[in-house]
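Residue numbers (the working numbering), protein chains in the order written: chain H, 1 to 318; chain X, 1001 to 1318. Encoded as structure tokens, the structure appears first; notes follow it.
Protein chains: 2
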Amino acid sequence: MSKKVAIGVDIGGTLTKVGIVDREGNLFGHTDFSTKIHQEFGGYLDKLQEVIEALIAGLDFDHEITGIGVGAPNANFYRGTIEYAANLNWKGVIPFTEEMKKRYDLPIHITNDANAAAIGEMIYGNAANMKDFMVITLGTGLGSGIVCNGEMVYGYDSQAGELGHVKVFESGRVTGLGVKGGLEAYVSSTGLKRTVFALQAEMLEDSVLRNYSYHDLHGEIITQAAEDGDPIALAAFELTGKILGEQLANFTTFSHPEAYFLLGGLAKAGKWIFEPTQKHLEANLLPFYKGKVKLLPSGMMGKNAAVLGAAALVWNHE
Amino acid sequence: MSKKVAIGVDIGGTLTKVGIVDREGNLFGHTDFSTKIHQEFGGYLDKLQEVIEALIAGLDFDHEITGIGVGAPNANFYRGTIEYAANLNWKGVIPFTEEMKKRYDLPIHITNDANAAAIGEMIYGNAANMKDFMVITLGTGLGSGIVCNGEMVYGYDSQAGELGHVKVFESGRVTGLGVKGGLEAYVSSTGLKRTVFALQAEMLEDSVLRNYSYHDLHGEIITQAAEDGDPIALAAFELTGKILGEQLANFTTFSHPEAYFLLGGLAKAGKWIFEPTQKHLEANLLPFYKGKVKLLPSGMMGKNAAVLGAAALVWNHE
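Structure representation (structure tokens):
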């Protein structure tokens, strides 16, 4: 009997990652190439097709390809398009699935990477038995994928789950979309770094972090400093977890998720981000939510989350 | 052929309203009685049954009762219970649907009044063709019913949609659940009144509203004052609409609803609340939401919204 597999494609600003995945999340061959390889979308698709064909050729078992799932910035699930993506070469509205369907007579689905991560959590991760949960991706920015009643929330025009741009302060740091006091300016890998710099101005304590320029400082250095008891690193994690915990408590009033899953670079800091977040989440929950909302690491952490999430789109819409 | 009808029951702190409604929203007889009529839940149910029987007896056409829908404070949709309702006589957990099923062999559903309003909007109101929308009820507090993918969002433990308790300011006025800076302390009929009192302290302008005690002032007086150009009334509506508009913009990042419907006492103020809310909503929307989110009066306004919403529960779960 032939084995059913899906093709997962994650289109990032720098790299496009491609893999072949079965329903259980086993990855049979994967590869990547530069997303910037071609200025034109047609040339990019030629390359993508070539890579997919090579991966399929490498499968050493009877197989049936059930579909192609794609995670991409500014993807519109309903229209199958990538629209005005600031960090990709292709301008305007790219009819992604329409063009792919000319090459593959298969179900093809596209959504943004945070939504793909949420679907991945449902299909392959720790949310297999959950109907209501959110995945929060903490990387350069803060992304979110929201599942209610067992279904991905795409919203009216496929732009639901932009919680990185919730305005949490009347004024303050600006997000990539120009929101003053927006969440991701504080809670993300970049947000943590920005906080470290703000605290270097506010605090007088010495810190190993004072040896790094803004360009040179990255998450692992801040985590290591926290491990070593560095006062600025500790204060930065505490403040980041406080803001995230308070906001997760606010988000709970929307859809009362059973759990929040954290994924991405900042989530890799482990207890340094989870402990303060958990404390401030629980402290700020309304009485009837207390003890009923879990904060968990994503089950996709350490796996090829982006490709798995994209492939999971296929299984979710089978 | 017999006509299908549903029984709608709205249990309020003061009155219980009961009506018989068809799939099109026609109301065939309705009545109400004091919710406090009996200290004991059993006695209350006897009265409710008596009222329902009388309404059914009054139907002058062939009918089939398809079910009973109930809106009640602190109702748990999944368990069919009313749990620790502060403004009802019955303490603890009341097994509402279980007890009702001993009297009626029919589908019986219960949820809170804001959720019932949202389902009413979907079945009988202005959201008939919408898959993603929210109803915001602006009365004593701020209630919310959220629909995503055409389904009511109940959440993990049936407590989704408590947006009145979103913390919008770091500190400030307290909501009924003790949230400092919580939304409904500013945006509700009571919130508007509180703002009028805060502005009487802040502003020096004379105002007709300075003739009223806190206990005597109510919404219609503030609306009339706004109609007459009263500076404090105008400033109070502007501030209320600003906070609501900003928060609706925040909420949009969650589920990207096609529309927000306003219902309840404060919504009756019409342009005085809709205009500033619309202005601040649009100004605060992320770029890709602009022009894509409607602010509308509920289609249930002026109808028996509570009973219709409760009855709509039956049709929604048929």
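Glycine included, C-beta positions come from ideal geometry on N, C-alpha and C. Since the model is a prediction, treat every value here as computed from it, not as a measurement.
Chain X partners of residue i, CB-CB under 9 Å?
i: E246 of chain H; result: K1167
i: I146 of chain H; result: C1148, F1254 and S1255
In chain H, which residues lie less than 7 Å from residue i when you measure between Cβ atoms?
i: H1109 of chain X; result: Within chain H, no residue comes near H1109 of chain X; the closest Cβ sits about 16 Å away, beyond 7 Å.
Who are the neighbours of residue i on chain H, taking C-beta pairs under 9 Å?
i: K1292 of chain X; result: Y156, D157 and Q159
i: E1258 of chain X; result: G155, Y156 and D157
In terms of DSSP beta bridges, what is residue i paired with?
i: K1180 of chain X; result: X:V1174
i: S213 of chain H; result: In the DSSP output, where bridge partners are listed per residue, S213 of chain H has none listed.
i: I1020 of chain X; result: X:I1007
i: D157 of chain H; result: Its beta-bridge partners do not exist; DSSP assigns none.
i: E81 of chain H; result: Per the sequence shown, residue 81 of chain H should be read as Thr rather than Glu. Beta-bridge pairing links T81 of chain H to H:N76.
i: K1242 of chain X; result: According to DSSP, K1242 of chain X bridges with nothing at all.
i: T111 of chain H; result: H:G71
So what's residue i in DSSP terms, helix, strand or just coil?
i: N149 of chain H; result: coil
i: E1162 of chain X; result: coil
i: T1014 of chain X; result: coil
i: D1046 of chain X; result: helix
i: M100 of chain H; result: helix
i: Y289 of chain H; result: helix
i: A72 of chain H; result: coil
i: P257 of chain H; result: coil
i: L59 of chain H; result: coil
i: S1207 of chain X; result: coil
i: R1095 of chain X; result: The sequence as given places Pro at residue 1095 of chain X; Arg does not occur at that position. DSSP places P1095 of chain X in coil when its eight states are reduced to three.
i: L1138 of chain X; result: strand
i: D105 of chain H; result: coil
i: K271 of chain H; result: helix
i: K1131 of chain X; result: coil
i: E1318 of chain X; result: coil
i: G1143 of chain X; result: strand
i: K36 of chain H; result: helix
Considering only residues of the same chain and omitting the five flanking positions on each side of residue i, which have a CB-CB separation below 6 Å?
i: A267 of chain H; result: L138
i: V208 of chain H; result: A225 and D230
i: G245 of chain H; result: T277, H280 and L281
i: P1257 of chain X; result: D1132, F1133 and M1134
Straight-line CA distance for residue i to residue j?
i: Y1214 of chain X; j: G1191 of chain X; result: 12 Å
i: T1277 of chain X; j: F254 of chain H; result: 20 Å
i: G1219 of chain X; j: R210 of chain H; result: 57 Å
i: A1198 of chain X; j: L1183 of chain X; result: 16 Å
i: F1320 of chain X; j: A1054 of chain X; result: Chain X is shown from 1001 up to 1318; residue 1320 of chain X falls before or after that span and cannot be answered.
i: L313 of chain H; j: V9 of chain H; result: 10 Å
i: H1185 of chain X; j: G1080 of chain X; result: A small fix is needed here, since residue 1185 of chain X is Ala in this sequence, not His. Cα to Cα, A1185 of chain X sits roughly 29 Å from G1080 of chain X.
i: I1102 of chain X; j: F1028 of chain X; result: Looking at the sequence provided, one finds Lys at residue 1102 of chain X rather than Ile. Looking at the two C-alpha atoms, the distance is approximately 25 Å.
i: D1046 of chain X; j: D132 of chain H; result: 37 Å
i: G92 of chain H; j: N74 of chain H; result: 11 Å
i: D157 of chain H; j: K1290 of chain X; result: 11 Å
i: I1221 of chain X; j: D1228 of chain X; result: 11 Å
i: D62 of chain H; j: S34 of chain H; result: 30 Å
i: N1115 of chain X; j: T111 of chain H; result: 29 Å
i: V1003 of chain X; j: I1146 of chain X; result: For the sequence presented, residue 1003 of chain X should be read as Lys rather than Val. Taking the straight line from one Cα to the other gives about 30 Å.
i: A319 of chain H; j: A249 of chain H; result: Past the boundaries of the shown model lies residue 319 of chain H; chain H is included only from 1 to 318, so the question cannot be answered.
i: D1050 of chain X; j: K1017 of chain X; result: What sits at residue 1050 of chain X in the sequence shown is Glu, not Asp. The alpha-carbon atoms of E1050 of chain X and K1017 of chain X are separated by roughly 13 Å.
i: G164 of chain H; j: G143 of chain H; result: 6 Å
i: N26 of chain H; j: E99 of chain H; result: 28 Å
i: E1318 of chain X; j: L239 of chain H; result: 48 Å
Applying a beta-carbon distance threshold of less than 7 Å, which residues of chain X neighbour residue i?
i: L177 of chain H; result: L1286 and P1287
i: E162 of chain H; result: T1253 and L1286
i: D132 of chain H; result: G1155 and Y1156
i: N112 of chain H; result: Chain X residues near N112 of chain H: none, gap ~12 Å exceeds 7 Å.
Along chain X, which residues have their Cβ under 8 Å away from the Cβ of residue i?
i: N129 of chain H; result: Per Cβ cutoff of 8 Å: no residues; N129 of chain H is ~12 Å from chain X at best.
i: F250 of chain H; result: Before going on, a small fix: residue 250 of chain H reads as Asn here, not Phe. Going along chain X in sequence order, the residues near N250 of chain H (Cβ under 8 Å) are V1166 and K1167.
Grab me the residues of residue i's own chain with a C-beta within less than 8 Å of its C-beta, minus the 5 sequence neighbours each way, in chain order.
i: S1189 of chain X; result: L1138, G1139, T1140, H1218, G1219, G1264, G1265 and L1266
i: K1036 of chain X; result: T1014 and N1089
i: A1305 of chain X; result: A1117, G1120, L1263 and S1298
i: A128 of chain H; result: M122
i: Q1200 of chain X; result: S1207, L1209, R1210 and I1232
Which residues in the same chain as residue i place their Cβ atom closer than 7 Å to its Cβ, once the five residues preceding and following it in sequence are excluded?
i: S171 of chain H; result: K180 and G181
i: L1106 of chain X; result: I1065, G1067 and I1068
i: I1094 of chain X; result: F1041, T1081 and I1082
i: Q1039 of chain X; result: N1089
i: Y1044 of chain X; result: I1037 and H1038
i: N87 of chain H; result: G13 and P73
i: Y1104 of chain X; result: I1068
Run through chain H and tell me which residues come within less than 8 Å of residue i, C-beta to C-beta.
i: E1151 of chain X; result: C148, N149 and E151
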